[in-house]
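Counting from 27, one number per residue, gives the positions in the sequence shown under this note's numbering. Cβ coordinates follow ideal geometry from the N, Cα and C atoms, glycine included. Report on the structure given below.
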Amino acid sequence: GGEEGEEGEEGYESDPRAQLARVLLAAGASADATDTEGRSAVWLAVRARQGGLLAVLLAAGASPHTEGSGDAPPLWAACATSDLGCALQLLRAGAAAAACDGSETPCLCVAAQRGSLPMVQLLLSHSAPVGAADGNGNGALLFAAHGGHMPLATLSCP
């Protein structure tokens, strides 16, 4: 139970995309396949908020680190879409809470800008550095303020 994507692969028996992935993986498809733009199946599943598909890919050994569009890792994409279930799956599979995209923007900053207190708390509980900043030196507190989420900033960043 819980958030979408939280229960793992077994909770998605009726998900058609997850079923299709199981069939393709059983036939020899690579769990770490990428498209011509370098986006991994994991990244695409996260970006589409497909927790069932993500669970199947991770269970098949897909990397939770493979970058996608804009050199953003899957966890960054989960933060950008505020998908707590996918983020939790990725963190449990070994994704780094301190991950950044190609412009050096940390996941924590993206979650703060989106105003997602549960995501910020999840990242902090998985050792995301509260002082991490983007390539311009802007940290999560500033991202929260720019996003209009000052209550989040004062709650999440001591």
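| query | result |
| --- | --- |
| Beta-bridge pairing of Gly165 - partner residues as DSSP gives them | Ala159 |
| Candidates Val156, Ala59, Leu70 and Glu63: closest to Ala104 by CA position | Leu70 |
| Check whether Asp58 and Ser89 have beta carbons under 8 Å apart | yes |
| Cβ pair Leu149, Cys133 closer than 8 Å | yes |
| For Pro99, three-class secondary structure by DSSP | coil |
| In DSSP terms, what Cys126 is bridged to | Pro132 |
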